[in-house]
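One point on numbering: in the UniProt record's numbering, the residue at position 557 of the sequence shown is 557, and numbering is uninterrupted.
Every residue gets a Cβ at the ideal spot worked out from N, C-alpha and C, and that includes glycine.
A quick note: this is a predicted structure, and the numbers were derived from the prediction, not measured.
This report concerns only the one structure given below.
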Amino acid sequence: MGLFERDAELGRIGALLQAAAAGRGTSALVEGVPGIGKTALLAAAGDLAGGRGFRVLTATGGELEQDLPFALIRQLFEPALRTAEPEVQSGAAALAAPVFAADGREAAVGSVVHGLYWLCSNLAEPAPLLLAVDDAHWADEASLRFVSHLARRMADLPVLLLLGSRPLAPDAALTLALGGVDPVRLNLAPLSEHAVGRFVRDRLSPAADAEFCRACAQATGGNPFLLTEAITALRADRVPPVAAQAGRVPGLQAAPIARTVLTRLTRLGPEAVRLARALAVLGPAADLRRPARLADLPLDTATDLADLLARESILTGGYPLDFAHPLVRTAVYADGTEIRRAADHRRAVEILTAEGAPAEQLVPHLLAAAPSADPTVVTALVAAAANALGRGAPEAAASCLRRALAEPPAAEDLPRLHAELGRALGMANRPAEAAPALRAAFELSTDPVTRGELALDLGAVMVQTGRPDAAMETFELARAALALDEGELPLQLTVAFSMASFVSMHPPTSWIARLDQLADTVSAETEAGRMVLACLAFGACATADRPAQVVGELAARAVAGSLPTRDHWILANFASTALVMADRLPEALDVLDRGVEHARTRGNLAEFRYLAVLRSRTALTAGHLQEAEADGRAALALHEVDGDRELPLAAAVLVDALAEQGHLDEAQAVLTEHELDSEEEVRMLIGHFVHLARGRLRLRQQRPRAALADLLACGAGLTGAGVVNPGFAHWRADAALAQLALGEPTSARDLAEEELVLAQGFGAPRAHGIALRTLGLIEGGGTRLDRLAESVDVLRRSTGVLELAHSLISYGSALRRAGHRTDAQRHLREGLDLASRRHAHPLAAQAKQELVASGARPRRTLLTGVDALTASELRVARLAADGETNRAIAQTLFVSRRTIEVHLTSAYRKLGIQSRDQLPTALGA
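See the structure below:
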């Protein structure tokens, strides 16, 4: 029998399948009340997809599996993996291996989800893929994280994600998982009276009277499941489907259905009731042994009863044995008291334990059983939590640990369990929930070393939740209780104190003194020692109280050799920032390249995103505008609606990179899209970068007053935090140019001179050269020429090539106005060459204009070949030229293969080539 009145929905699904087959994947949500026909529609969609050559993977959420890690995802993918070729699970997809077979080690959440994305992509390579998930409202949280991740990244995958769900509340887990995705919505309506008539005549009697059918429609509200129940009851009571019997049609709605089901069940006898209740507690069963044991029935008796229940449409007729509909299971499970259900779950634990079942299978029953201070329950829950962490599902681990604490455990185990709960919640990105658990562990622990280790975790979540001062107190309390010879722990606490102090916007001088005392004694061979050196380098260059050469040496010592396995991104941040300010840009980029590669191989999106932002900022400082743009776009593309703290920095760097290339409208659009374009002050640790980029953009937009407000806000924030080094952000130089544009030369000169003094004291050529150029642009006469000439000389010692181009063009312009035409042209041509090579189009245009004014005839620059490539196209083309496959490039850049194909196709066209083999020559030209 086919579907009734679902042609429109099937038509829309057919169109979505067609789009997916063409590589335009999407997600769709089939929504409706229980019994409305979601399952039937998803099954029909599977048949439709299979007929069109799709591979169809299906899964169904279950109430008893909501606390099992990746239960839904395993159900979805495991059948396909049993017959898949080995390469399907290779490359980045290998990161998903813990989902299917935990190896005892903790798996990073982001790595696992990233691996699942590539597993899905690989499975869709031979044929398009339909992922049909029924009862998605019961999906476990770990599976929903992947659903959310995939739904945001499937636009160019040959995949249709089809979810069936009951109507969702705004705060439902599935609603939140799909936040910002806007899936195609298919809301299933009740059957019309006409369709109900067809249904009744098909299921009950072809001769059913119209008035009788109308009564069925009114009694059931056109709900197919309720209609089926009504027909079952009418058939059992031998009611003829004639008008005179219309009054005997039972009035059914979703709530009273329980009474109908239980009435039918009770008629079958107490043993049948016990078996149904056992199955409701245990969930779908591969065979009858466990339900029979829980119901205290012989296996033969249970078999006969199961057959009887199937004939009465209470159970399905095959294996795995399950209820005919979730509403039936809910009715049976809810019958009786909570006390009885808890006892049944406790008995289920005993049965499963006696059989040697894995700890994971015990979880639903352990969570539902009443606490009884049973140490074996605590042990089982802790083992299940470890299994969940091994699969990359920390929220499932947290559920087990909360229940273990409620059992409760022995007093001596409380600190350990609170600590494990706090760490699991931290891994699940729930710092507000993690803090109380870690605080309890910290206060209950008496061993100083244990308290020190807990302080590191507790302080980290305190910083995340906006309490850096409280974190500083915690670090200090733990450190004071430690002996000086307790290995690296005292150093780790000192570093953590310094970082929290910086986040709290305390002047670096408050913690640099502590690090100074350690700098000469720590070993760069230990991770803690390297962190001390990196933090000291960062603090010293922020305050400019040590020369650039010393800062650079400290930072270089910190990152010599391989990066540490733990917190490598923090080390890379502090060390690379110090190297940038010390004008050692190639070394800074090398550190960040290694960090990005480390994050990529682990599939850690959060670290990749953070380090890509830092590399974008460093590339911008070095004058690599296209590389800066590519990293900035990559970081923003990976942004998810989870409050990424680096998003404003990523947007700010991208705005600067676009503006330097002359793409002012695009830069403005980035600010607008990410709600960073208001006049209000950005109150956050990295808000000064937003103010700086926005101020520089407004200066280019000929809005000097708005620019000045932003640049002074940047300066106030940095100065308040004790960051005075102009190498960190040369806000004074840009603000001085805004003041000059506003007709305030005296104020402009004061700021420029202040910047020059600070830059000279620190001794980094880039900052020094920028300060000289700014002062030269403000001053007049021969002094201007002297300042600009000195700026050029200083910047020739810098690795910031684009700043040299700026100074060459400024100096050449000044020489031209002073009548030194030949010298002017020489400097302008050099500046034009550098600006053109760096894609600084406005700067190059300025140089050409000045050359023309000097009587020269500069060559016209056409955007052809490599110069015509976008930042993303150039990055992809270079990787392809190095021999990387499309799959490898996509995994490197955390994008889909389709995106790589599009970029390469465009690059081939612009380069005038036909194949990959021609790329090395074309890019080298």
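- Message: Relative to the C-alpha of Arg878, which candidate in Ala630, Leu275, Val181 and Phe225 has its C-alpha closest?
- Response: Translated into positions along the sequence shown, residue 878 becomes position 878. Looking at the Cα atoms, Ala630 is the closest of the given residues.
- Message: Excluding the 5 residues flanking Gly32 on each side, which residues of the same chain have their C-beta closer than 6 angstroms to its C-beta?
- Response: Translated into the one-based positions of the sequence shown, residue 32 becomes position 32. Cβ neighbours of Gly32 within its own chain (closer than 6 angstroms, five residues either side excluded): Lys38 and Leu188.
- Query: Would you report the Cα separation of Ala248 and Leu131, rounded to the nearest angstrom?
  - Reply: Locating residue 248 in the sequence shown gives position 248, counting from the first residue. Locating residue 131 in the sequence shown gives position 131, counting from the first residue. This sequence places Arg at residue 248; Ala is not what is there. CA-to-CA, the gap between Arg248 and Leu131 works out to about 43 angstroms.
- Under the assumption that Thr542 contacts Val690 (Cβ atoms under 8 angstroms), give the Cβ distance between them as a whole number of angstroms. Stepping through the sequence shown from its first residue, residue 542 is reached at position 542. Stepping through the sequence shown from its first residue, residue 690 is reached at position 690. Sequence check: residue 542 is Ala here, not Thr. Incorrect: roughly 18 angstroms between the Cβ atoms, too far for contact.
- How many angstroms separate the CA atom of Arg6 from the CA atom of Ala276? Locating residue 6 in the sequence shown gives position 6, where the first residue counts as 1. Locating residue 276 in the sequence shown gives position 276, where the first residue counts as 1. Distance between the alpha carbons of Arg6 and Ala276: 33 angstroms.
- Message: For Thr58, report the span of its beta strand (DSSP E) as first-last.
- Response: Within the sequence shown, the letter at position 58 stands for residue 58. Per DSSP, Thr58 belongs to the beta strand (DSSP E) from Arg55 to Thr60.
- From Asp374 to Gly221, what distance separates their C-alpha atoms? Counting from 1 along the sequence shown, the entry for residue 374 is found at position 374. Counting from 1 along the sequence shown, the entry for residue 221 is found at position 221. Near 49 angstroms, if we compare the C-alpha coordinates of Gly221 and Asp374.
- Query: The alpha helix (DSSP H) with Val328 in it runs from where to where?
  - Reply: The count along the sequence shown starts at 1 and reaches residue 328 at position 328. Annotation for Val328: the continuous alpha helix (DSSP H) segment containing it runs Pro326 to Ala334.
- Name the two residues that bound the continuous alpha helix (DSSP H) containing Asn886. For this step, residue 886 is matched to residue 886 along the sequence shown. Counted as a single uninterrupted DSSP element, the alpha helix (DSSP H) harbouring Asn886 occupies residues Asn886 to Leu893.
- Candidates Trp731, Val377 and Thr899, of which the one nearest Ala404 by Cα: Here residue 404 refers to the residue found at position 404 of the sequence shown. A check of alpha carbon separations from Ala404 across Trp731, Val377 and Thr899 identifies Val377 as the nearest.
- State the DSSP-derived secondary structure class of Asp134, mapped to helix, strand or coil. Translated into the one-based positions of the sequence shown, residue 134 becomes position 134. DSSP places Asp134 in strand when its eight states are reduced to three.
- Message: Buried or exposed for Thr577, going by 16 or more other Cβ atoms inside 10 Å?
- Response: Translated into positions along the sequence shown, residue 577 becomes position 577. Buried, because 16 or more other Cβ atoms sit within 10 Å of the Cβ of Thr577.
- Which partner residues does Phe323 have in the DSSP bridge list? The sequence position of residue 323 within the sequence shown is 323, counting from 1. According to DSSP, Phe323 bridges with Leu315.
- Task: Could you round the C-beta distance between Gly720 and Asp710 to whole angstroms and report it? I think they count as a contact, below 8 angstroms.
- Result: For the purposes of this step, residue 720 is taken as residue 720 along the sequence shown, with counting starting at 1. For the purposes of this step, residue 710 is taken as residue 710 along the sequence shown, with counting starting at 1. That belief does not hold up - the Cβ atoms of Gly720 and Asp710 are roughly 16 angstroms apart, past 8 angstroms.
- Item | Pair within 8 angstroms by beta-carbon distance, Leu401 and Leu417 | To locate residue 401, count along the sequence shown from 1; it is residue 401. To locate residue 417, count along the sequence shown from 1; it is residue 417. Using a Cβ distance threshold of 8 angstroms, Leu401 and Leu417 count as a contacting pair.
- So Leu168 and His137 are in contact, right, with Cβ under 8 angstroms, and what is the actual spacing, rounded? Numbered from its first residue, the sequence shown carries residue 168 at position 168. Numbered from its first residue, the sequence shown carries residue 137 at position 137. Taking 8 angstroms as the upper bound for CB-CB distance, Leu168 and His137 are in contact here, some 7 angstroms apart.
- Item | Neighbour-count burial assignment, Asp237, 16 or more Cβ in a 10 Å radius | For this step, residue 237 is matched to residue 237 along the sequence shown. In summary, Asp237 is exposed, with fewer than 16 beta-carbon neighbours lying within 10 Å of its beta-carbon over all protein chains present.
- Item | Arg822 burial status per 10 Å Cβ neighbour count (16 or more: buried) | Within the sequence shown, numbered from 1, the residue matching residue 822 stands at position 822. Checking the sequence shown, residue 822 turns out to be Thr, not Arg. With a 10 Å radius around the Cβ and a threshold of 16 neighbouring Cβ atoms, Thr822 comes out exposed.
- Task: In the DSSP assignment, find the unbroken beta strand (DSSP E) run with Ala28 in it and report its ends.
- Result: One-based indexing of the sequence shown puts residue 28 at position 28. First-last of the beta strand (DSSP E) with Ala28: Thr26 to Glu31.
- Task: Could you spell out the range, first to last residue, of the beta strand (DSSP E) harbouring Leu162?
- Result: Position 162 of the sequence shown holds residue 162. Unbroken beta strand (DSSP E) run through Leu162: Val159 to Ser165.
- In whole angstroms, what separates the C-alpha of residue 926 from that of Asp344? An answer regarding residue 926 cannot be provided, because it is not within the stretch 1 to 925 covered by the chain.
- Message: On a Cα-Cα basis, can you pick out the residue from Ala22, Ala20 and Ala45 that is closest to Ala8?
- Response: The sequence position of residue 8 within the sequence shown is 8, counting from 1. Comparing Cα positions, the closest option is Ala45.
- The alpha helix (DSSP H) enclosing Asn223, as first and last residue numbers: On the sequence shown, position 223 is the one that residue 223 refers to. Segment: none, Asn223 is in no alpha helix (DSSP H) and carries neither H nor E.
- Go to Leu919, then tell me how far its alpha helix (DSSP H) extends in each direction, as first and last residue. Looking up residue 919 in the sequence shown gives position 919. Run containing Leu919: Leu919 to Gly924, per the alpha helix (DSSP H) assignment.
- Item | Exposure of Glu412, with buried meaning 16 or more beta-carbon neighbours within 10 Å | Along the sequence shown, one-based indexing puts residue 412 at 412. Label assigned to Glu412: exposed.
- Nearest residue (CA-CA) to residue 976, options Leu362, Glu141, Asp135 and Leu843: Since the first residue shown for the chain is 1 and the last is 925, residue 976 is missing from the structure and cannot be characterised.
- Task: Just tell me which of Arg857, Ala455, Ile36 and Ala637 has its CA closest to the CA of Glu443.
- Result: Numbered from its first residue, the sequence shown carries residue 443 at position 443. The shortest C-alpha separation from Glu443 is found at Ala455.
- Inter-residue spacing [alpha-carbon to alpha-carbon] between Ser165 and Arg423: Residue mapping note: residue 165 aligns to position 165 of the sequence shown, counting from 1. Residue mapping note: residue 423 aligns to position 423 of the sequence shown, counting from 1. Ser165 and Arg423: Cα-Cα distance of roughly 32 angstroms.
- Query: Who pairs with Val184 in a beta bridge, going by DSSP?
  - Reply: Looking up residue 184 in the sequence shown gives position 184. Per DSSP, Ala28.
- Ala285 by DSSP, collapsed to three states: which one? Indexing the sequence shown from 1 puts residue 285 at position 285. For Ala285, the three-state secondary structure derived from DSSP is strand.
- Out of Glu666, Arg235 and Trp731, which has the shortest C-alpha to C-alpha gap to Leu751? As a working note, residue 751 is residue 751 in the sequence shown. The option with the nearest alpha carbon to Leu751 is Trp731.
- For Leu802 and Thr774, believed in contact at Cβ under 8 angstroms, the rounded distance: As a working mapping, residue 774 is identified with position 774 in the sequence shown. As a working mapping, residue 802 is identified with position 802 in the sequence shown. Between Leu802 and Thr774 the Cβ distance is about 15 angstroms, and since that is not below 8 angstroms, they are no contact.
- One or two residues paired with Leu129 in a DSSP bridge: Your numbering for residue 129 matches position 129 in the sequence shown. Listed as beta-bridge partners of Leu129 by DSSP are Arg55 and Val159.
- Query: Of all the options Ala575, Asp140 and Glu486, which has the alpha carbon lying nearest to the alpha carbon of Arg615?
  - Reply: Residue 615 sits at position 615 when you count from the first residue of the sequence shown. The closest CA to that of Arg615, considering only Ala575, Asp140 and Glu486, is found on Ala575.
- Item | Residue burial classification, Gly643 (beta-carbon count within 10 angstroms, cutoff 16) | The count along the sequence shown starts at 1 and reaches residue 643 at position 643. Residue confidence is low: Gly643 scores 46 on pLDDT, short of 50, so the model does not pin down where it sits. Its coordinate-derived value is still stated next. The residue in question, Gly643, is exposed, as its Cβ has fewer than 16 Cβ neighbours within 10 Å.
- Message: To the nearest angstrom, how far is the alpha carbon of Ser399 from that of Asp67?
- Response: Within the sequence shown, the letter at position 399 stands for residue 399. Within the sequence shown, the letter at position 67 stands for residue 67. A direct Cα-Cα distance of roughly 7 angstroms separates Ser399 from Asp67.
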